[in-house]
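Note that my numbering gives residue 751 to position 289 of the sequence shown, counting from 1, and the numbers run on in steps of one.
Glycine included, every Cβ here is placed at the ideal spot set by N, Cα and C.
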Amino acid sequence: MAANPVQVLSKYTELFGDTFRFYLGGIKEAIVTTNPAVMQHVLKTNSENYQKSEIQVKRMGHFLGKGLLTTHGDPWRTQRRLIQKGFDRKQLEALSAIMQDSLAESMLDFNRQIQLGPVDIYPHLMKMTFAMVARSLFGAKLKDEDIDTVSHTICTVQEFIVRQTIQPYLNPWFEVSGELRRHEEMRTHADAILMDYIKTRRQQAPGNDLLQTLMDARYSDGEGMSDEMVLSESMQLLVAGHETSSNALSWLLYLLSSRPDTLERVRQEFDSVLGDASLSFGDVTRLEFTTQVIYEALRLYPPFWMVDRMAIADDRVGDIAIPQGSTVIVFVYGAHHTPHYWPSPESFDPERFLKANEKLRTPFTYLPFGGGPRVCIGNHYAMLQILMILSELLRTYDFQLVPDQTIEARPMVILRPKHGIRMTFTKAVAREVPVSK
Ligand code: HEM
Numbered sequence: 463m464a465a466n467p468v469q470v471l472s473k474y475t476e477l478f479g480d481t482f483r484f485y486l487g488g489i490k491e492a493i494v495t496t497n498p499a500v501m502q503h504v505l506k507t508n509s510e511n512y513q514k515s516e517i518q519v520k521r522m523g524h525f526l527g528k529g530l531l532t533t534h535g536d537p538w539r540t541q542r543r544l545i546q547k548g549f550d551r552k553q554l555e556a557l558s559a560i561m562q563d564s565l566a567e568s569m570l571d572f573n574r575q576i577q578l579g580p581v582d583i584y585p586h587l588m589k590m591t592f593a594m595v596a597r598s599l600f601g602a603k604l605k606d607e608d609i610d611t612v613s614h615t616i617c618t619v620q621e622f623i624v625r626q627t628i629q630p631y632l633n634p635w636f637e638v639s640g641e642l643r644r645h646e647e648m649r650t651h652a653d654a655i656l657m658d659y660i661k662t663r664r665q666q667a668p669g670n671d672l673l674q675t676l677m678d679a680r681y682s683d684g685e686g687m688s689d690e691m692v693l694s695e696s697m698q699l700l701v702a703g704h705e706t707s708s709n710a711l712s713w714l715l716y717l718l719s720s721r722p723d724t725l726e727r728v729r730q731e732f733d734s735v736l737g738d739a740s741l742s743f744g745d746v747t748r749l750e751f752t753t754q755v756i757y758e759a760l761r762l763y764p765p766f767w768m769v770d771r772m773a774i775a776d777d778r779v780g781d782i783a784i785p786q787g788s789t790v791i792v793f794v795y796g797a798h799h800t801p802h803y804w805p806s807p808e809s810f811d812p813e814r815f816l817k818a819n820e821k822l823r824t825p826f827t828y829l830p831f832g833g834g835p836r837v838c839i840g841n842h843y844a845m846l847q848i849l850m851i852l853s854e855l856l857r858t859y860d861f862q863l864v865p866d867q868t869i870e871a872r873p874m875v876i877l878r879p880k881h882g883i884r885m886t887f888t889k890a891v892a893r894e895v896p897v898s899k
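Here you go:
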């Protein structure tokens, strides 16, 4: 189970049906479900009865303070309403320029790396997406070395939180050995870097970035967020946004590398919609086929392979009792691979996401971004980011998977490629494209 929970839970789903119980560590009751009605009930219809899991609230809260990821009830609702504005259509239009500038810089670095030989795309894409999210938050002037420090801190602290959670018996040791303190100090250092940008911005002209949205937001009493709150929410957006889009992009490139026909159709769509121009938010709805391809990649490899909740009070869905204190595991990967809802679930078929098929789909069978009121706040941003990076990579390079490597998913918090995904990039063969969009 610890080595590969996705494999074990998929097998149990086959054996015991779409909703079954087991006991975590022999004591704590967990209900695993791929049943759309149960998932909808827990995430949406009766979401008030469910809180986020301990890992998010207690352990992440210790390092990240209070914010979207780590709060419930009214405090969460208030913050969500304010922050939502940062991801609306108008703001995403405005962010497109910052995102493109960040991408141009990342592509220079990527180009240097691929000249040296085959690369594992995962860390490179993570660097690209992290820089993009960081600059969308703190603006174009965010320095490279600060991005590196904050990114390193977030990765290290997140791994530490996972260790604290899956090996809870080591927690006393983490305290006495100084490991906990060392990670707290890293976080304090990263905080100080970002706080400097916040304080400086308070004295400067407004920017077009998410930091500005956070600073301009007003509670119902007319007060704005404190600097500490702005910092906490920024850090939580960085945590939530840093490994998800890069993960999706890695699996997407992997899938495309062995499907030349699909790849060619994607390239043709980029050519006809963008010409030789860069992608911005307004182009997204016109990239219909590429969006279907991304959705299908997110179905096969959902970065969050599960979403968990804890029941505050006894509850019931149909004949399934959910006792107070039990954990419900919404098994997203399992739901995405259920033959009943997804015929030949292991095969790659973007046509499943044709607009005409949308209405035929059972609600809550496709949950890459979660569902209900806590659905991913960055979902449109993520799609924009994936399309932007994909369009630049395909415009610049041809790519091949390095032969004889084992590609395997390792489901930790995120569905990472266990041994990486090694690819060779070469200059793209020149194509005839319209001059501009
Ligand atoms: C392909 C990329 C992404 C995927 C698959 C993804 C997936 C998810 C999922 C499944 C949830 C719900 C978790 C739950 O209900 O417990 C979530 C929440 C969240 N995501 Fe994303 N995400 C992505 C990108 C992003 C990005 C780029 C950002 C920010 C820039 C972001 C920010 C957040 C935040 C703040 C939440 C918590 C929302 C709340 O509780 O109100 N995500 N994401």
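Sequence-distant Cβ neighbours of residue 764 in its own chain, meaning closer than 7 Å and more than five residues away, are 794, 795, 798, 830, 877. Linking residue 741 to residue 853 through their CA atoms gives a straight-line distance of about 8 Å. In this structure, residue 760 lies near residue 710, with their beta-carbon atoms less than 8 Å apart. Within the DSSP bridge table, the entry for residue 871 names 879 as partners. With a cutoff of 8 Å on beta-carbon distance, residue 693 and residue 656 are scored as near each other. By the criterion of at least three beta-carbon pairs nearer than 8 Å, the stretch 692-708 is in contact with the stretch 571-590.
Under the three-state reduction of DSSP, residue 483 is assigned to strand.
For residue 649, the uninterrupted alpha helix (DSSP H) run begins and ends at 641-664, by DSSP. The stretch 745-783 is shown to contain whole alpha helix (DSSP H) runs of 4 or more residues at 750-762, in chain order. Under a 10 Å Cβ-count criterion, residue 628 is classified as exposed, with fewer than 16 other Cβ atoms of the shown protein chains found around its own Cβ. Secondary-structure assignment with DSSP links residue 680 through a beta bridge to 686. For residue 556, there is no enclosing beta strand (DSSP E); the residue is found in the alpha helix (DSSP H) stretching over 551-577. Within its own chain, the residues whose Cβ lies closer than 7 Å to the Cβ of residue 518, once the five positions on either side in sequence are excluded, are 531, 532, listed in chain order.
Straight-line measurement puts the Cα of residue 504 at about 24 Å from the Cα of residue 545. Annotated three-state conformation of residue 818 is helix, per DSSP. When DSSP states are grouped into helix, strand and coil, residue 860 belongs to the strand group. Secondary structure at residue 866: coil, using DSSP grouped into helix, strand and coil.
Pairing residue 498 with residue 879 gives a Cβ-Cβ distance that is not under 8 Å. Straight-line measurement puts the Cα of residue 649 at about 18 Å from the Cα of residue 639.
By the C-beta density criterion, residue 720 is exposed, having fewer than 16 other C-beta atoms within 10 angstroms. For residue 816, the closest of 778, 851, 782, 755 by C-alpha to C-alpha distance is 755. Non-local beta-carbon contacts of residue 557 in its own chain, meaning distances under 6 Å to residues more than five positions away in sequence, involve 598 in chain order. Within the chosen limit of 7 Å, ligand 1 does not reach the beta carbon of residue 554 with any heavy atom. Straight through space, the alpha carbons of residue 643 and residue 769 are spaced by roughly 29 Å. Boundaries of the beta strand (DSSP E) harbouring residue 791: 789-792, taken from the DSSP string. By the CB criterion at 8 Å, residue 850 and residue 575 fall outside the cutoff.
For residue 803, the three-state secondary structure derived from DSSP is coil. About 13 Å separates the beta carbon of residue 778 from that of residue 512, a gap too long to meet the 8 Å contact definition.
At a threshold of 7 Å, residue 492 does not count as near ligand 1, since its beta carbon sits no closer than that to any of the ligand's heavy atoms. Three or more beta-carbon pairs drawn from the stretch 534-551 and the stretch 833-842 are found closer than 8 Å, and the two stretches are therefore classed as touching. With contacts defined as CB atoms closer than 8 Å, residue 873 and residue 466 qualify as a contacting pair.
Residue 534 and residue 514 have their alpha carbons spaced roughly 8 Å apart. Relative to the Cα of residue 881, the nearest Cα in the group 869, 889, 848, 596 belongs to 869. Under the three-state reduction of DSSP output, residue 828 falls in the coil class, being neither helix nor strand. For residue 680, the CB contacts under 7 Å within the same chain, skipping 5 residues up- and downstream, are 686 in chain order. For residue 492, no alpha helix (DSSP H) run applies; the uninterrupted beta strand (DSSP E) run containing it begins and ends at 490-495, by DSSP.
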